[in-house]
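J.: Below is the structure I would like to discuss, written out as C-alpha cells.
2 protein chains.
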Amino acid sequence: MASLLEGQARPIRLADIAKAAGVSHGTASNVFSRPEIVRAEVRERVKAVAEQMGYAGPDPKGRLLRAGKVNAIGVATTEPLSYFFDDPFARVMMAGISEACDATGAGIALVSAANQEKLAWNIQSALVDGFVLFCIEGGSRLVDLTRERKLPFVALELGFQDETVSAIGVDNVAGARLAARHLAELGHRRFAVLSLGFADNRTGFATPEVVRSAVYTGTRDRLAGYFEELSRFGIDTATIPVYETENEEKSTRAGLEAIFARGERPTAILAMSDRMALIAIDWLRARGLGVPGDVSIVGFDGVPDGALSTPPLTTIAQPITEIGRRAARMILDHDGAVRRETMGVDFVVRGSTGPAPKA
Amino acid sequence: MASLLEGQARPIRLADIAKAAGVSHGTASNVFSRPEIVRAEVRERVKAVAEQMGYAGPDPKGRLLRAGKVNAIGVATTEPLSYFFDDPFARVMMAGISEACDATGAGIALVSAANQEKLAWNIQSALVDGFVLFCIEGGSRLVDLTRERKLPFVALELGFQDETVSAIGVDNVAGARLAARHLAELGHRRFAVLSLGFADNRTGFATPEVVRSAVYTGTRDRLAGYFEELSRFGIDTATIPVYETENEEKSTRAGLEAIFARGERPTAILAMSDRMALIAIDWLRARGLGVPGDVSIVGFDGVPDGALSTPPLTTIAQPITEIGRRAARMILDHDGAVRRETMGVDFVVRGSTGPAPKA
DNA sequence: AGCGGAATTTGAATCGATCCAACAAAAATG
DNA sequence: CATTTTTGTTGGATCGATTCAAATTCCGCT
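Quick mapping for you: the protein sequence lines, in order, are chains P and D. When you line the first sequence up against my numbering, it's residues 283 to 641, in that order. When you line the second sequence up against my numbering, it's residues 283 to 641, in that order.
Set out below in C-alpha cells:
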C-alpha cells in the first residue's frame with residue numbers, strides 16, 4: 283500500500299532520515315547544523331542515509347519559523363517589479379542596497395505588484411526582516427501598509443512629514459536653490475518647472491492650492507527652493523508654469539507640449555528629476571531647439587545616464603548609492619530607533635546649461 | 283514580574299489574541315484568512331482585540347510552513363548582488379522575469395554572495411519555490427548547489443551539456459555564423475575574437491586545447507560558429523587570436539592590448555558579448571582607431587546600450603526579455619518536466635561594421 | 001417542546017525544523 | 001576502583017500559523 287503512494291513523492295523530512303538512521307531528530311538536526319558536535323561515525327551514517335533517501339537538506343521553511351530571522355530585506359514600491367531594473371535612479375539605489383546586503387550576506391526580496399490588492403497582500407506576506415520603501419507615487423499608502431507589518435522600515439526619497447517613520451532623504455530645498463541660482467546667474471529670466479507629483483495620480487499644471495496641500499513634501503520643498511532663490515533675483519515666480527508629471531515619458535512630453543504651447547516660452551527648465559530632464563533634452567532637440575543654446579535644463583538626482591547624454595546634463599546630484607547603503611544598513615542593524623537622515627547634494631555642472639539667449 | 287518582562291516586547295501571536303478575545307485559535311485564524319465564514323460580531327470583536335493589542339497580522343513565517351509555497355522565485359548568480367542592476371544583459375533579463383512574476387503576483391528573491399561559502403548557504407536557505415540561474419562564471423558550481431535543493435530550476439545563458447537540467451539558451455552557432463559572415467562579406471580577412479570564458483577563472487589567449495575541453499559549451503559553440511563560417515570564406519582560423527576575458531572592463535582592455543600588440547592587426551573584432559564590444563569601441567577610439575573605419579566590431583546579446591553607443595553596435599540580438607519571461611514561467615508553472623529550449627537570434631546591423639579598409 | 005439542517009466554533013493535528021535540559025556513556029582524574 | 005569531567009544523544013517543547021473533522025449553537029417549523 284505504502285508503495286502505491288510512493289509516487290506522491292511527499293518530500294523527505296529530517297524526521298524521516300532520523301528514523302531511518304536510527305537516531306533522534308535532535309541528532310539528525312545536529313548533523314546538518316552543527317556537524318562538529320556529533321560523533322564522526324554517526325554523522326557519516328546519517329549523511330549516507332540522507333543522501334541515499336534523496337534528502338534535500340533542512341528545509342528553510344522549517345528552520346525559519348524557529349530562527350525568526352529571514353536574513354533578507356524587502357525593497358518595495360508601488361511600481362511594477364521591472365521598475366527596479368529599468369529606472370536609472372532605482373538602479374543606482376539598488377546598487378547601494380546590494381552593497382550593504384552583500385557585506386552582511388543578506389538577501390534582497392523585491393516586493394511590488396500590478397494592483398493595489400496584490401500589493402497589500404505581497405507586503406503582508408513578504409518574508410523579510412524589514413523594508414526599504416521607494417516612496418514614489420502611492421508612497422503614503424505604501425507606508426501605511428508596511429507599518430502594519432510592525433517590522434523595521436525606512437522610507438526613501440520623498441520626505442514624509444510623519445516624523446514617526448524612519449526616512450532618508452536629501453536637502454531638497456538646498457538642492458533646488460542651487461539649481462535655480464545657477465540658471466538665474468546665467469541670465470535666465472523665463473522659467474518652467476517639470477515637477478514630480480504633489481500628490482498621487484496628479485498630472486498637469488499645478489495650482490498654488492495643489493502645492494499648498496502637497497502630500498509629497500519633497501516635491502513641495504524642491505519647488506520652494508526654486509522659487510525662493512528665483513525671487514531673490516527679482517523673478518516673479520507666480521508666472522512660472524509648474525507641470526506635474528508622473529516622471530515618465532508620456533506625461534513629461536505632454537508637459538513640455540503644454541509649457542511650450544504657452545505664450546512666453548521659457549529659456550530655462552528646472553526639472554525635478556534627471557529622467558524628466560533627459561526626456562526634455564530629447565524633446566527639445568527633436569523640435570530643433572538647441573540645448574543649451576535656446577533652452578537650458580537642470581535636472582535633479584544625478585543618475586549616471588545624465589553624464590552620457592548629449593549634451594551631458596547639469597544636475598543636482600544626490601548621493602544615491604550612499605542613501606541605498608544607509609537604508610539597507612538601517613534595516614540590517616536595526617536598533618528600534620526612528621532615524622531621519624538628510625543627506626547633502628552635489629551640484630554638477632555639465633553641458634545642458636548655458637547663458638540665456640539674447641532676447 | 284510579568285510586567286518587568288513586558289519591555290521585551292515578545293511579538294503578539296495569533297494565539298494571544300485568540301485567548302484575549304475568548305475564541306479558539308481556529309476562529310482567530312479564520313478572522314484573518316477567511317473572514318466571511320466567521321460571524322460578524324465575533325469577527326469584529328477579534329479584530330478589535332487584535333488592533334488594540336497591536337497584532338501585526340498573521341506572521342508569514344508561520345503561515346509559510348503550513349502553506350508550503352513561498353510564492354517567490356529566486357534568481358541566483360555567482361556575481362555580487364549589484365550585478366542584477368549594473369549589467370545591461372542581466373537587467374533586460376530581469377525585466378522579462380519581472381513581467382512574468384508581476385503577472386502572477388509572485389515575488390523575486392535575489393540570491394548571491396560575495397564568497398563561495400556564503401553563496402552555498404544562501405542557496406540552501408533561500409525562501410523560494412524555485413530558481414532561475416544566471417550561469418556565467420562559476421555556473422556549474424551554481425547548478426550543483428541548486429540541484430541539492432531539489433526545487434525546480436532553470437539554467438540561463440551558457441548551455442550545459444548536462445541534459446538533465448532545464449535550460450533556456452540561444453542558438454549560439456547560428457548567431458555566431460551570422461556575425462562572421464557579415465564581416466567576411468564586408469571583405470574583412472584579419473579577425474580577432476573577444477571571447478567569454480571556456481572554463482572558470484580563465485583569461486588570456488585561448489589555446490585549441492582550452493577550447494576543446496570547454497566547460498561552457500555556449501562559448502565553445504559561438505567560437506565554432508565564427509570559425510565554421512570564416513573557413514567557408516577561405517580564412518585560416520588557426521591564426522585568429524581568441525582572447526578570453528571575464529566580460530568586464532579590465533580583462534577586456536587587457537585583451538585588446540594583447541591583440542593589438544601582435545604583428546598583424548585585425549580589421550574586424552568578433553565579440554561574444556555586447557559589453558566587450560562596447561568596451562572595445564571605447565578602447566579603439568581612445569587610440570585613434572576609427573570604428574568602423576579602421577576596425578569593425580560585432581557584438582553578441584543585443585542589449586539596449588548597444589543602440590546608444592557611438593557608433594551604434596552591430597550585434598547578434600538574443601530575445602533576452604522573452605528568455606527571462608519563459609524562465610520565470612517555467613518555475614512558476616513547473617510541472618516536473620525537464621525542458622530545454624533554444625531560442626533564435628536576430629542579426630541587427632548598426633553602425634559599428636563597415637567595409638574592410640583597403641590595405 | 002422537539003427536530004432537522006445550516007451556520008459557527010472548537011481543538012487537536014500538522015507543517016519542518018531547532019533548542020535545550022536531562023541523561024548516558026566514555027574518558028580522565030584522584 | 002570510585003569520582004569527576006567530558007562528550008554525545010535523546011526527546012519534549014517551541015516557533016506561528018492553518019486545516020478539518022467533530023461538536024456546538026442557532027433558527028425556523030411543526
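Where is the CB? At the ideal position from N, CA and C, for every residue including glycine. Keep in mind it's a predicted model, so treat the numbers as computed, not measured.
(1) Roughly how many whole angstroms lie between the Cα atoms of P342(P) and D411(D)?
(2) Counting contacts by CB-CB distance shorter than 7 Å, is D653(P) in contact with chain D?
(3) For D615(P), is the classification buried or exposed, using 16 other Cβ atoms within 10 angstroms of its Cβ as the cut-off for buried?
(4) Name the DSSP beta bridge partners of I450(P), please?
(5) Compare the C-alpha of T624(D) against each of L347(D), P434(D) and Q600(D) and name the closest.
(6) Using the Cβ count rule (16 or more neighbours within 10 Å means buried), how would you classify S495(D)?
(7) Have a look at the DSSP bridge pairing and note the partners of L415(D).
(8) Can you confirm whether M335(P), when its beta carbon is compared against all beta carbons of chain D, has any partner nearer than 7 Å?
(9) Count the other CB atoms, across all protein chains shown, that sit within 10 Å of the CB of A310(D); report buried if there are 16 or more and exposed otherwise.
(10) How far does the alpha helix (DSSP H) with Y525(D) in it reach, from first residue to last?
(11) Which parts of the region 486–567 of chain D are runs of the beta strand (DSSP E), unbroken and 3 residues or longer, counting only runs that do not cross its ends?
(12) Classify A297(D) as buried or exposed, calling it buried when 16 or more other Cβ atoms lie within 10 Å of its own Cβ.
(13) Just confirm the distance between the C-beta atoms of R502(P) and F480(P), as a whole number of angstroms; I'd bet it's less than 8 Å.
(14) Under a CB-based cut-off of 7 Å, is V331(P) close to chain D?
(15) Taking DSSP as the reference, what is the three-state secondary structure of F480(D)?
(16) One question on the structure: do A461(P) and I563(P) come within less than 7 Å of each other, judged by their Cβ atoms?
(17) What is the DSSP secondary structure of S306(P), reduced to helix, strand or coil?
(18) Give a yes or no on whether the C-beta atoms belonging to I579(D) and S634(D) are separated by under 7 Å.
(19) Is the region 417–426 of chain D touching the region 359–371 of chain D in the sense that three or more CB pairs, one from each, lie closer than 8 Å?
(20) Considering only DSSP beta bridges, list what L468(P) is partnered with.
(21) V447(P) to Y337(D), Cα distance in whole Å?
(22) Which partner residues of T597(P) appear in the DSSP bridge assignment?
(23) May I ask you to report which of helix, strand or coil DSSP gives G606(D)?
(24) Any beta carbon from chain P within less than 7 Å of P342(D)'s own beta carbon?
(25) Chain P partners of G339(D), CB-CB under 8 Å?
(26) Check for me: the alpha helix (DSSP H) holding G588(D) runs from which residue to which?
(27) Just confirm the distance between the C-beta atoms of L465(P) and A553(P), as a whole number of angstroms; I'd bet it's less than 8 Å.
(28) Measure how close the beta-carbons of P548(P) and A474(P) come, nearest whole angstrom, since I'm counting them as under 8 Å.
(29) In angstroms, rounded to a whole number, what distance separates the CA positions of A402(D) and L401(P)?
(30) Under 7 Å between beta-carbons, which chain P residues line up against E260(D)? List them in chain order, please.
(31) If you follow the alpha helix (DSSP H) that G328(D) is part of, which residue opens it and which one closes it?
(32) Helix, strand or coil: how does DSSP classify L392(D) here?
(33) Count the C-beta pairs between the region 384–392 of chain D and the region 567–582 of chain D that are closer than 8 Å, then say yes if the count reaches three, no if not.
(34) Evaluate P637(D) with the Cβ neighbour count: other Cβ atoms within 10 Å of its Cβ, from every protein chain shown; 16 or more gives buried, anything less gives exposed.
(35) Consult DSSP for V475(P) and reduce its assignment to one of helix, strand or coil.
T.: So, to answer that:
(1) Here residue 342(P) refers to the residue found at position 60 when the first sequence is read from its first residue. Here residue 411(D) refers to the residue found at position 129 when the second sequence is read from its first residue. Taken atom to atom, the span from the alpha-carbon of P342(P) to that of D411(D) is near 11 Å.
(2) No statement about residue 653(P) is possible, as the shown extent of chain P runs from 283 to 641 and does not include it.
(3) As a first step, residue 615(P) must be located in the first sequence, where it is residue number 333. By the neighbour-count criterion, in which 16 or more other beta carbons inside 10 Å mark a residue as buried, D615(P) falls on the exposed side.
(4) Indexing the first sequence from 1 puts residue 450(P) at position 168. Bridge partners of I450(P): L438(P) and E623(P).
(5) Reading the second sequence from its first residue, position 342 is the one you call residue 624(D). Distance check between T624(D) and each of L347(D), P434(D) and Q600(D) places Q600(D) closest, using alpha-carbon atoms only.
(6) Translated into positions along the second sequence, residue 495(D) becomes position 213. Exposure of S495(D) is indicated by the presence of fewer than 16 other C-beta atoms within 10 angstroms of its C-beta.
(7) Position 133 of the second sequence holds residue 415(D). L415(D) pairs with A358(D) and A437(D).
(8) One-based indexing of the first sequence puts residue 335(P) at position 53. Cβ-Cβ to chain D under 7 Å: no for M335(P).
(9) Here residue 310(D) is taken as the residue at index 28 of the second sequence, counted from 1. Buried: at least 16 other Cβ atoms inside 10 Å.
(10) Here residue 525(D) corresponds to residue number 243 of the second sequence, with the count starting at 1. Run containing Y525(D): none in the alpha helix (DSSP H); it sits in the beta strand (DSSP E), V524 to E526.
(11) For the region 486–567 of chain D, whole beta strand (DSSP E) runs of length 3 or above, ordered along the chain, are 524–526 and 550–553.
(12) In the second sequence, the residue the question calls residue 297(D) occupies position 15. Label assigned to A297(D): exposed.
(13) Within the first sequence, numbered from 1, the residue matching residue 502(P) stands at position 220. Within the first sequence, numbered from 1, the residue matching residue 480(P) stands at position 198. Confirmed, Cβ separation roughly 6 Å.
(14) The sequence position of residue 331(P) within the first sequence is 49, counting from 1. Output row for V331(P): interface = no.
(15) The residue labelled residue 480(D) in the question sits at position 198 within the second sequence. Under the three-state reduction of DSSP, F480(D) is assigned to coil, being neither helix nor strand.
(16) The count along the first sequence starts at 1 and reaches residue 461(P) at position 179. The count along the first sequence starts at 1 and reaches residue 563(P) at position 281. No.
(17) Against the first sequence, residue 306(P) aligns to sequence position 24. It is coil, neither helix nor strand.
(18) Counted from its first residue, the second sequence places residue 579(D) at position 297. Counted from its first residue, the second sequence places residue 634(D) at position 352. Contact flag set, yes.
(19) Taking one beta carbon from each stretch, the region 359–371 of chain D and the region 417–426 of chain D have 3 or more pairs nearer than 8 Å; the two touch.
(20) Mapped onto the first sequence, residue 468(P) falls at position 186. None, per the DSSP bridge assignment.
(21) As a position in the first sequence, residue 447(P) is number 165, starting the count at 1. As a position in the second sequence, residue 337(D) is number 55, starting the count at 1. Answer to the nearest angstrom: the Cα atoms are 19 Å apart.
(22) The residue labelled residue 597(P) in the question sits at position 315 within the first sequence. For T597(P), the pairing in a beta bridge is given by DSSP as G581(P) and V630(P).
(23) Here residue 606(D) is taken as the residue at index 324 of the second sequence, counted from 1. It is helical.
(24) As a working note, residue 342(D) is residue 60 in the second sequence. Yes, its Cβ sits closer than 7 Å to a Cβ of chain P.
(25) Here residue 339(D) is taken as the residue at index 57 of the second sequence, counted from 1. Ordered by position in chain P, the residues that pass the 8 Å Cβ test against G339(D) are Q406, E430 and R431.
(26) As a working mapping, residue 588(D) is identified with position 306 in the second sequence. Segment D587 to L590, the alpha helix (DSSP H) holding G588(D).
(27) As a working mapping, residue 465(P) is identified with position 183 in the first sequence. As a working mapping, residue 553(P) is identified with position 271 in the first sequence. The C-beta distance from L465(P) to A553(P) rounds to 11 Å, too long to meet the 8 Å contact threshold.
(28) Residue 548(P) sits at position 266 when you count from the first residue of the first sequence. Residue 474(P) sits at position 192 when you count from the first residue of the first sequence. 4 Å between Cβ atoms; contact.
(29) Here residue 402(D) refers to the residue found at position 120 of the second sequence. Here residue 401(P) refers to the residue found at position 119 of the first sequence. Straight through space, the alpha carbons of L401(P) and A402(D) are spaced by roughly 31 Å.
(30) The structure shown does not extend to residue 260(D), since chain D is modelled only from 283 to 641, so the question has no answer here.
(31) Counting from one through the second sequence, the residue named residue 328(D) turns up at place 46. At residue 328(D) the sequence reads Val, which differs from the Gly that was named. That run of the alpha helix (DSSP H) goes A322 to M335.
(32) Taking the second sequence and counting its residues from 1, one reaches residue 392(D) at position 110. The DSSP-derived three-state label of L392(D) is strand.
(33) Here the region 384–392 of chain D makes no contact with the region 567–582 of chain D; the two share fewer than three CB pairs at distances below 8 Å.
(34) Taking the second sequence and counting its residues from 1, one reaches residue 637(D) at position 355. With fewer than 16 Cβ atoms within 10 Å of its Cβ, P637(D) is classed as exposed.
(35) Position 193 of the first sequence holds residue 475(P). Strand, per DSSP.
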